[in-house]
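**Student:**
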Amino acid sequence: MNSIINRSWLQLASWLLAGLVLALLPAAVLSGTPKSPPAPTGQTIYKQHCFSCHPGGANLVKPSKPVKDSKTLATFATFKAYLSAPLGHMPYYQHLVEDDAALKALYHYCRAFK
Ligand code: HEC
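Residue numbering for the sequence shown follows this note's numbering, starting at 170 and increasing by one per position.
1. L272: buried (16+ other C-beta within 10 angstroms of its C-beta) or exposed?
2. Could you give the distance in angstroms between the alpha-carbon of P206 and the alpha-carbon of S172?
3. Using a Cβ-based criterion (distance less than 6 Å to any ligand heavy atom), does Y262 qualify as near the ligand HEC?
4. When you compare only the Cα positions, how much space is there between C279 and S221?
5. May I ask you to report which of helix, strand or coil DSSP gives F220?
6. Relative to the C-alpha of H223, which candidate in L265, N175 and H258 has its C-alpha closest?
7. Does the beta-carbon of V233, which I'm using as the reference point, lie nearer than 6 Å to any heavy atom of the ligand HEC?
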């Protein structure tokens, strides 16, 4: 009698253990390869840095100088040059200018304004 109860507890315990291992294994395997956080998209960067003055590619501070269709978007080089030495009240973003990957994402986002 006692041994039957003991055996079924043992069986239950081993099922639980097996279930636990199966449940945790994929997580352990996945977390084994540390991933760097995903690079911010052009849209995220634009929202964080540009949107307040340039919603939808417009220019709230100087309406005659919208982002949309700006000549500074002609090439990535002209865009980078402009952001490296912005005019008037257009702020300078050192961390963006020094990060080509982020700047490229931002560039493509700005070019998509229609
Ligand atoms: C504080 C407000 C402000 C913010 C924030 C801002 N800008 Fe500007 N931006 C301006 C102003 C003002 C001008 C016009 C400068 C001038 O010619 O006097 C301008 C001009 C521009 C132009 C050139 C338009 C042209 O053809 O001359 C581009 C491109 C531009 N901004 C892109 C951006 C991007 C990209 C960001 C975000 C990284 C950004 N701006 C953030 C105010 C801002």
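Don't be surprised by glycine CBs; every beta carbon is placed ideally from N, CA and C.
**Tutor:** Well, looking at it:
1. buried
2. 54 Å
3. Under cutoff, so the answer is yes.
4. 14 Å
5. coil
6. H258
7. Strictly speaking, residue 233 in this sequence is Ser, with Val absent from that position. Answer for S233: no, Cβ out of range of the ligand HEC.
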